[in-house]
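The sequence shown begins at 98 in our numbering and counts up one residue at a time. Beta carbons are placed, not taken as given, at the ideal position from N, Cα and C, and that holds for glycine. Predicted model only: the values in this text are computed from it and were never measured. Remarks on the structure that follows.
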Amino acid sequence: MSKLIADTLKTFFNVGKFIAKGYVLKKEEGARFAKNSEQNEIINSSNRGLLINGINKRLSEKESFKHIAIIAKSGIGKTTGYIYPNIFDKADSNCSMLITDPSSEIYETTSQHLKNRGFKIVRLNPSNINQSSRFNPFHGLGAEDIIEIEQICTSIIKSKYGNDKEQVWNDGAISLLELFAKCLAYTQPEYLNLPNLNYLIQMFGESGENLDDWVIEHSINPYDEQDRSILDFWIGLRSNNANMLTSYATIVKTALKQLNNRKIQRLLSNNDIDLEDFRKQKTAIFLSFPDNQQDYYQFLVDIFYARFFSVMMSKKPTPRDLNVYCFLDEFGNAYVDNFPTIVTTIRKYRVSLSVVLQGISQLNKKYGDMAKSGISSFIIYAGGDYETLNEQSQLIGKKRIIQRNKFEDHVTSYQDIDLLPPAELRTMKDNQALFLSSNKYPFIFEFQPFYKNRKFLTLSKKGEYIPLEKQKDMCWNQLFLKKNNKNK
């Protein structure tokens, strides 16, 4: 009996000594998930930013302006679980929204409620030209707005080719398009629109000789009559190799080929979308383009993004100006020139970007790692592609398991394993998603689609806003060159 007591006391002594030295049989260190209290610091019902779980947990406005990427394959729930709930949630806020709506279903489900809540409803919808707004990206630009004009011309070419072509070919095509746009801005700003630029490039011919007189007449800078830069560039351009000239013109013609469609001409010849008023009056802009014609209309989306971002960053918002929330579905199909710089800069202007992707590779291929570094938060849904799952698993990190078999054992084993392996991330439940922030511990949360939220479901049944009057075509200044190359 005394031996048993002695052995027991010895065991307790060893355990106490072991604990005193800070040892345990098994412990973990390294990567970990956020605790409940830490999750609540990130998303909670008191915040006023983006709605994360489809019910009542939001980011702060400050974190929302650092942007978020929503990554999921088609049909997983990113639209019903994130975009719809946020639109309904923001309907009660003083803000404006830009909503990319590839199938028009978002407009059909949310626009009437937004109208009822005091939002001005604007819709760019080429499939129904009679009920679509008009958009001229050059609207309001003149001889003093050369940088903005150059940005739009760059976006037009880059939307078609991105970085696929050698830079010299893109640069040549962009410069040619800029030349025509600047000529119109200098002398006839009311004629500056995409249909007229397309007309000029069609008149270029093989060498541009047909446009010599027109360029000479329209190359005079109204603010500096000694400025010969446009004319000198034209002379230098015309002296290039004929094949190179033809290639430049062909690149521009291809980038503008949709402008040969009369419906597109009507859409882009005039403008009734007031982006300058976007922060003054609650507005919801819907970019509605048919799913089955997405490639055809993608250049329109890209140009709109480029112009929209430029206007939003043209001046710092005042405290009275509205916050801006952008819900950019199918953003992986878009190409926004200089997007890595835009995404890191536009947050200072109280603009929140929610970019919806099918895989992280869509950003990587077009912009490299720079674009991702400008996005603070990521929501990853189940069933993702290998590259996305693997990259996010690596970002989350590994946990180290430290283990001893016995208290007296002097041998410690270490094992490093993924905190959330790609396979576990891929097989999350249908109503689960991973939230990953640049400087916070990750966590898995449950989200609710809007149709399971009684309030949002009721609001969705209000349907689409149908304007009482059809959109009337405005007269537009159509360029026409006489045979003697003088403008009519």
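Would you kindly check if the distance between the Cβ of Ser-142 and the Cβ of Trp-266 is under 8 Å?
Here residue 266 is taken as the residue at index 169 of the sequence shown, counted from 1. Here residue 142 is taken as the residue at index 45 of the sequence shown, counted from 1. Result no, Cβ atoms of Trp-266 and Ser-142 do not sit closer than 8 Å.
Are Leu-289 and Leu-276 closer than 8 Å when you measure CB to CB?
The residue labelled residue 289 in the question sits at position 192 within the sequence shown. The residue labelled residue 276 in the question sits at position 179 within the sequence shown. No. Outside cutoff.
Top-ranked residue by Cα proximity to Lys-292, from Gly-237, His-236, Pro-319 and Arg-363:
Translated into positions along the sequence shown, residue 292 becomes position 195. Residue 292 is actually Pro in this sequence, not Lys. Residue Arg-363 is the option with its Cα nearest to Pro-292.
What ranges does the alpha helix (DSSP H) occupy inside the stretch 384-463, keeping only unbroken runs of at least 4 residues that lie completely in it?
391-409 and 436-442
Using the beta-carbon count (16 or more within 10 Å), is Glu-135 buried or exposed?
Start at 1 with the first residue of the sequence shown, and residue 135 comes out as number 38. Under this definition Glu-135 is an exposed residue.
I need the DSSP call for Tyr-538, collapsed to helix, strand or coil.
In the sequence shown, residue 538 corresponds to position 441, counting from 1. Note: Tyr-538 maps to coil in three-state DSSP.
Best match in Val-219, Tyr-478, Ile-498 and Trp-331 for proximity to Thr-524 [C-alpha to C-alpha]
Here residue 524 is taken as the residue at index 427 of the sequence shown, counted from 1. Nearest C-alpha to Thr-524: Tyr-478.
From which residue to which residue does the alpha helix (DSSP H) around Gln-248 run?
Position 151 of the sequence shown, counted from the start, is the residue given in the question as residue 248. Its alpha helix (DSSP H) spans residues 243-258.
Excluding the 5 residues flanking Pro-199 on each side, which residues of the same chain have their C-beta closer than 7 Å to its C-beta?
Within the sequence shown, numbered from 1, the residue matching residue 199 stands at position 102. Cβ within range, chain order: Phe-386, Asp-388, Gln-391, Asp-426 and Glu-427.
Kindly give me the distance between the Cβ atoms of Asp-482 and Gly-456, rounded to whole angstroms, as I take these residues to be in contact under 8 Å.
The residue given as residue 482 occupies position 385 in the sequence shown. The residue given as residue 456 occupies position 359 in the sequence shown. Indeed, because the Cβ distance is near 4 Å, the residues count as touching under 8 Å.
Quick one: what does DSSP say Ala-188 is sitting in, helix, strand or coil?
One-based indexing of the sequence shown puts residue 188 at position 91. DSSP places Ala-188 in coil when its eight states are reduced to three.
Just the Cα atoms here: how many angstroms apart are Asn-133 and Leu-533?
Here the question's residue 133 lines up with position 36 in the sequence shown. Here the question's residue 533 lines up with position 436 in the sequence shown. For Asn-133 and Leu-533, the distance between alpha carbons rounds to 15 Å.
Run through the DSSP bridge pairs and tell me what Ser-474 is partnered with.
Within the sequence shown, numbered from 1, the residue matching residue 474 stands at position 377. DSSP, once it has assigned bridges, lists Ile-165 and Ser-534 as partnering Ser-474.
For Arg-231, three-class secondary structure by DSSP:
Numbered from 1 along the sequence shown, position 134 holds the residue referred to as residue 231. Looking at Arg-231 - three-state DSSP - the assignment turns out to be coil, as it is neither helix nor strand.
Selected residue, minimal CA-CA separation from Cys-423, among Ala-169, Phe-406, Pro-519 and Leu-297:
Position 326 of the sequence shown, counted from the first residue, corresponds to residue 423. Of Ala-169, Phe-406, Pro-519 and Leu-297, the residue nearest in Cα terms is Phe-406.
Counting along the chain, where does the beta strand (DSSP E) carrying Leu-372 start and finish?
The residue given as residue 372 occupies position 275 in the sequence shown. Counting along the chain, Leu-372 falls outside any beta strand (DSSP E), and DSSP gives it neither H nor E.
Taking the DSSP output, what are the residues bridged to Ser-193?
Against the sequence shown, residue 193 aligns to sequence position 96. Paired residue(s): Val-421.
Of the residues Phe-375, Thr-415, Thr-380 and Asn-367, the one placed nearest Leu-238, counting alpha carbons only:
For the purposes of this step, residue 238 is taken as the residue at position 141 of the sequence shown. It is Asn-367 whose Cα lies nearest to the Cα of Leu-238.
Identified DSSP bridge partners for Leu-148
For the purposes of this step, residue 148 is taken as the residue at position 51 of the sequence shown. Per DSSP, Arg-155.
Evaluate the contact criterion for the stretch 201-210 versus the stretch 368-376: three or more CB pairs, one atom per stretch, below 8 Å.
no
Ignoring anything shorter than 4 residues, give me the alpha helix (DSSP H) runs that lie fully in the stretch 316-354, in order along the chain.
326-335 and 339-352
When DSSP labels each residue in this structure, what does Asp-527 get in the three-state scheme?
Within the sequence shown, residue 527 is the residue found at index 430, counting from 1. It is coil, neither helix nor strand.
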